[in-house]
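Reading the sequence shown from the start, the letters are residues -23 to -1, 1 to 808 in mature numbering (1 follows the signal peptide of the UniProt record, and there is no 0). Yeah, the Cβ is synthetic: ideal placement off N, Cα and C, and Gly gets one too. Quantities reported herein were computed from a predicted structural model and do not represent experimental measurements.
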Amino acid sequence: MKMLFVSAAIVPLLFVAPAYALAETGATKAADASAKPAANAQASREEVFSTGVAKGRDRLDSATSTSALREKDIAVSGGRSLGDLLRNLPGIRTESSTGDGSSAYTIRGLPLASGGSKYMQLQEDGLPVLEFGDFFNGAVDIYIRADLNLAAVESIRGGSSSTFASNAPAGVINLISKTGEVKGGSVLLTTGLDYDSNRVDFEYGAPISDTLRFHIGGFYRVGEGPRKIGYDAFKGGQLKFNMTKQFEHGYVRISGKYLDDRSPHYLPGPVRITGTNDDPVYGSFNTYDVRRDSMNAGHLGNLITLDADNKPVQLPLSQGMNALVKSIGLESQFDIHGWTITQRGRYSDIEGGTTRNLVANIYSGAAMPAALGGGTGTFSYATGPRAGQAITNLGTLNGNGLIVGTSLNRIESRSLNNFINDLRATRAYPLGEGELTVTGGLYKSLQDYTSDWLYSNHIQDVAADGGSALINYTNAAGVPQTQNGYLGFNRSGPTAFFRRSYDVRYNITAPYGSLNYRIGKIAIGGSLRHDGGRVRGDLYGADLGGGRIGIKSVDFNGDNVISVAESKTAFTPFDRPAPVRYNYGYYSYSVGVNYRVAEPFAVFARYSRGARAGADKLLFSTKVSTTDGSLINKADGFDIVKQFEAGFKYRAPNFTVNVTGFSADTEDTNVQAGAITTDRTYKAYGVEAEGTYRHGPFSVRGGVTYTNAELVNDKLNAAVAGKVPRRQPDFIYQATPQFDLGKATVGANIIGTTDSWVQDNNLMKMPGYTLVGAFAQYRLKDNIQLMLNVENLFDKVAFIEITTPSVPTNGIGLGRAVNGRTVSMSARMSF
C-alpha cells in the first residue's frame, strides 16, 4: 500500500518535469539554434554508458538506473577519500569517516556492510579490484585510490549488474582511467592550510603515432591528516600506466598499477550522550573533540603481540590501513565477422592490512570496574612523556576523567591476490522491423584470502591532539596487572577469541548471456547468469572449538618472569586446522523494457534476481562444518537479492532529470562490529531522483533518495524483527551548485541525511546532518589554475555511527563523527 502512495506521488512528475523542460527547450531552440548541435554532441558523448550492461549505449535507450561523475565533476567534489567522492552519486550511501579505506557502502536500502561493500562492486576499468568487497577489515577501498588518472566514475544501480557482474546484485561503481586520446597532462600540488597534508599528483597522455597512444599518472603524499594523532598517518602513493594499440577493426590495451600507500583507521571513540532516548543530546568530552581527535596516538607505541607464525613481534601503529598492490591488465576489443569480441583480464598481487585501536570499554575514572580493582591500587603512565608518573586522581584525569579499555590489533592480509577475466561477444541481427542484440560471455575469478588476526589489549587515557598514552595498573596487593599498559596479549579477558588465521581460495566461473530486441521506440531485454563457486582452504583458531587451545604464556620482555599480562597470550593452533571444502551455485536473471517516448524522454521498468556469495562471513560459523568443510545447508552459500525498479529519464541540452521507484528483498549473513553474527532478511522500497540544470554561468547537479527499509527477521535474534535497520535514514541527498565566471568558478558541495536509529533495537536515534563544502577556482592563465577547497565549511558535528544503543546512565557513549573543517589549497598546471 505504501508503494502505491509513493507511486502516486511520482506519477505527476512523469509529466510535469518533461513538459517544463520541453517548454524550456523550445524557447532555447528558437533563441539559440546555432548552439544546439554542439550541446547535443556533448550530451551524446557523455550519455553513452558501458558499465554493468551488455553493450554501451545511450542511457535513454537502456532500462537501467545509471549515473556518472565526469572529470570536471570529480575536480570540484571536494572529497578527501574515495568514500567522500562516491557519496556524490545518487542512491549510494557511504559512511566514510574511517579514513581513506574501510568505509561502509550500500545502495537503495540494502543492508550496510560492516566495512567495505557487500552487494555493490567497486571496479577499475571494468573489472573488480577484489571479488568480494567486504572482507573483514580488508575492505576493497583500502586498495583503490582516486587521482588524476580518473576520466570518469560510472555507477549502475540494480538492473543488469545482477547478470553482467558476479557478486554485484545491487550495482557496480566503475572507475574509468584516461587512455591518452588527447595529448596533454597536468601537475597538481595540494597542501592543507589548517591540517598537515602535502600531496603531488601528475598525469600525461598522448598519441605516439596514428595507431599507438599511452597514459601515465599517479600521486605521492605525506602528512598527519585531518585528525591530531602525533605522527604521519598518511604516506605513500600510486603509479598507473596504460598503452593502447589501435588496429583497423579494434584495439589492444595493456595496463599496470603500483600502489604503496597507508592511511589511518579511525574507529569510534568517546562520545558524551545525555538526555533521554526520545531526545538524546550528543557532544564531546573535555579535551577530546569528536571532530578532530582519535584514540590513535603516537604515544601508544608499537603493537606488541605474536605474529602470524606465533613469534613475538612489534608492529608500528603507523601502518594503519596499508596497501601494496601490483597489477597488470590486458584488454582488447575487435569486430570479427559481425561480432564484437571484448576481452578484459587482470592479475593483481595484493597484500596489506589494518592496524587499528578498537575501543572495547570506556570507564569513568571515578567508578572503575572490579576487573581493574574498582579504583583501588595504583595507576601510572606506561608510555609517553609522563611514563612512570603516578596518576593520583583518575576522576579528573585530562579534565574528562575517562579511562578506556582498547584492543590494539592488526588484521594482516598476506594475500588478496586475484586473477579476473571477462570475455564477451556481442552481435546485432536484423529481425523483422527491429534489431536483436545477442551477447554471451564467460567470467572467471580466482581470489585468495590469506589473513591473520593478531590482537593485544590495554588501557589508556583520553586526551587531545594525539596525546593519549597507555596506563599501568597495580592492584591493592602490589601485583602489576599490566605490562607497559597491556592487560594481555590477546583480544580480551583470558580467552583466544578472534585470534584467527584464514588460508582460503575462491574459484568462480560464471557464463552469462542476454537478448535485447529493439523495434521502433521499444527495447525489451533479458539476461541470465550462472555463478558457480569452488571454495577450498583451511582455518586455524581456538574459536573453532573442538578442544582447540589458543592461550599460553610468553615472556615478551625477556626477564624470565611471566607477568599477569604475559600469561594471557593468544596464539594460533596450527596443529588443528579446520578444512574449508564446499561448492555453491546460483542463477541470476534480469528482464527489462524501455520505451523511448520521444528523443529526449524515456520510461523503463526492470525486475532482477541476483545474489552475493557469503565469502569470509560464512567461516568460523555454524554454517560450515569444522570436520569436513562442507556447507551444512547448501542455501547458506549465498544471499539472494530481488529487485524491481521503474522510472523515467529526460534529457535536454540544459536540463536532465531521472526518477526511479524501487523495491528490494534481501538476504544477509554478516558480522557486525563487536563480532555480532547476523542471519537476516530485509525489505526496502523508495524513490531516487537526480538531475542537472544549467543557465548561463550557473549550473547545479544533485540527487535525493527516499528509502523505507525494514528488518523482516533475524534467525539468531528474533527481537529485531520489524525494526528499521540501524543507521538507515529516510532521505539522503547531495547537490553541487556552481557559478562559472570565466576566469573564476565558485561553488558548493552539499551532502546530507535525515535522522536514523543508532542500532537495530530502535531505542535511540542519531541526528541527521547537512554538510557543506565550498570551492573556488581561479585561472591565472589558460594552463594555470588555483583552487581553494573547504570540507565541512561550518565545522559541524555530524555523527555517522553511534555504537551505544541507548542513553547510558553515566553519559559515556561510543561513536564516530565526520572530520571537522579542513581547508586545502592547490595549484594545477596543465601542458
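Hey, residue i and residue j are a contact pair by Cβ (cut 8 angstroms); roughly how many whole angstroms apart?
{"i": "residue 316", "j": "residue 402", "result": "5 angstroms"}
{"i": "residue 334", "j": "residue 264", "result": "Not confirmed; about 18 angstroms, so no contact."}
{"i": "residue 359", "j": "residue 251", "result": "With 8 angstroms as the limit, residue 359 and residue 251 do not qualify as a contact, their Cβ atoms being about 32 angstroms apart."}
{"i": "residue 563", "j": "residue 606", "result": "20 angstroms between Cβ atoms; not a contact."}
{"i": "residue 524", "j": "residue 603", "result": "That belief does not hold up - the Cβ atoms of residue 524 and residue 603 are roughly 11 angstroms apart, past 8 angstroms."}
{"i": "residue 657", "j": "residue 685", "result": "With 8 angstroms as the limit, residue 657 and residue 685 do not qualify as a contact, their Cβ atoms being about 17 angstroms apart."}
Of the choices the options, whose alpha-carbon is the least far from that of residue i?
{"i": "residue 185", "options": "137, 219, 784, 789", "result": "219"}
{"i": "residue 196", "options": "211, 592, 350, 188", "result": "211"}
{"i": "residue 519", "options": "297, 562, 598, 564", "result": "598"}
{"i": "residue 393", "options": "162, 224, 694, 480", "result": "480"}
{"i": "residue 149", "options": "395, 120, 97, 180", "result": "97"}
{"i": "residue 568", "options": "504, 552, 370, 574", "result": "504"}
{"i": "residue 145", "options": "167, 107, 158", "result": "107"}
{"i": "residue 281", "options": "391, 171, 447, 415", "result": "447"}
{"i": "residue 339", "options": "399, 245, 405", "result": "245"}
{"i": "residue 521", "options": "512, 557, 513", "result": "557"}
{"i": "residue 476", "options": "713, 517, 487", "result": "517"}
{"i": "residue 122", "options": "134, 103, 99, 133", "result": "99"}
{"i": "residue 398", "options": "676, 431, 388, 308", "result": "308"}
{"i": "residue 576", "options": "644, 104, 498", "result": "498"}
{"i": "residue 275", "options": "385, 432, 624", "result": "385"}
{"i": "residue 269", "options": "209, 172, 239, 236", "result": "172"}
{"i": "residue 552", "options": "526, 227, 467, 437", "result": "526"}
When we look at the beta-carbon of residue i and count the other beta-carbons within 10 Å, is it buried (16 or more) or exposed?
{"i": "residue 408", "result": "exposed"}
{"i": "residue 762", "result": "buried"}
{"i": "residue 860", "result": "Residue 860 is absent from the structure shown; the chain starts at -23 and stops at 808."}
{"i": "residue 528", "result": "buried"}
{"i": "residue 613", "result": "buried"}
{"i": "residue 351", "result": "exposed"}
{"i": "residue 205", "result": "buried"}
{"i": "residue 201", "result": "buried"}
{"i": "residue 435", "result": "buried"}
{"i": "residue 702", "result": "buried"}
{"i": "residue 674", "result": "exposed"}
{"i": "residue 767", "result": "buried"}
{"i": "residue 758", "result": "exposed"}
Taking the straight line between their C-alpha atoms, what separation do you get for residue i and residue j?
{"i": "residue 472", "j": "residue 81", "result": "29 angstroms"}
{"i": "residue 87", "j": "residue 707", "result": "13 angstroms"}
{"i": "residue 451", "j": "residue 247", "result": "25 angstroms"}
{"i": "residue 821", "j": "residue 109", "result": "Absent from the model: residue 821. The displayed extent of the chain is -23 to 808, so no value can be given."}
{"i": "residue 723", "j": "residue 672", "result": "15 angstroms"}
{"i": "residue -11", "j": "residue 626", "result": "Unreliable placement is indicated for residue -11, whose pLDDT of 36 sits below 50; the coordinate value is still reported in the next sentence. Looking at the two C-alpha atoms, the distance is approximately 11 angstroms."}
{"i": "residue 422", "j": "residue 457", "result": "52 angstroms"}
{"i": "residue 771", "j": "residue 620", "result": "39 angstroms"}
{"i": "residue 321", "j": "residue 277", "result": "46 angstroms"}
{"i": "residue 345", "j": "residue 670", "result": "59 angstroms"}
{"i": "residue 272", "j": "residue 444", "result": "9 angstroms"}
{"i": "residue 39", "j": "residue 147", "result": "17 angstroms"}
{"i": "residue 336", "j": "residue 243", "result": "11 angstroms"}
{"i": "residue 44", "j": "residue 692", "result": "36 angstroms"}
{"i": "residue 118", "j": "residue 62", "result": "12 angstroms"}
{"i": "residue 682", "j": "residue 85", "result": "8 angstroms"}
{"i": "residue 231", "j": "residue 302", "result": "17 angstroms"}
{"i": "residue 747", "j": "residue 716", "result": "21 angstroms"}
{"i": "residue 738", "j": "residue 500", "result": "45 angstroms"}
{"i": "residue 807", "j": "residue 160", "result": "11 angstroms"}
{"i": "residue 725", "j": "residue 743", "result": "25 angstroms"}
{"i": "residue 6", "j": "residue 93", "result": "Note that residue 6 scores 38 on pLDDT, short of 50, meaning its location in the model is unreliable; the coordinates nonetheless yield the value given after this. Looking at the two C-alpha atoms, the distance is approximately 47 angstroms."}
{"i": "residue 695", "j": "residue 116", "result": "29 angstroms"}
{"i": "residue 424", "j": "residue 391", "result": "13 angstroms"}
{"i": "residue 306", "j": "residue 593", "result": "26 angstroms"}
{"i": "residue 298", "j": "residue 543", "result": "27 angstroms"}
{"i": "residue 586", "j": "residue 151", "result": "21 angstroms"}
{"i": "residue 485", "j": "residue 120", "result": "21 angstroms"}
{"i": "residue 57", "j": "residue 789", "result": "30 angstroms"}
Any beta carbon of chain C sitting closer than 9 angstroms to that of residue i?
{"i": "residue 642", "result": "No chain C appears in this structure, which consists of one protein chain only."}
Review point. Hey, is the segment 635 to 643 in contact with the segment 662 to 678, meaning 3+ C-beta pairs nearer than 8 angstroms?
Key: yes
Exercise for review: Mind the definition here: the segment 125 to 143 touches the segment 51 to 63 only if three or more C-beta pairs lie below 8 angstroms; say whether that holds.
Suggested key: yes
Review point. Looking at C-beta atoms only, is the number of pairs between the segment 362 to 379 and the segment 288 to 298 that lie closer than 8 angstroms three or more?
Key: no
Practice item. Please confirm if the segment 486 to 494 is in contact with the segment 404 to 419, defined as three or more CB-CB distances below 8 angstroms between the two stretches. Key: yes
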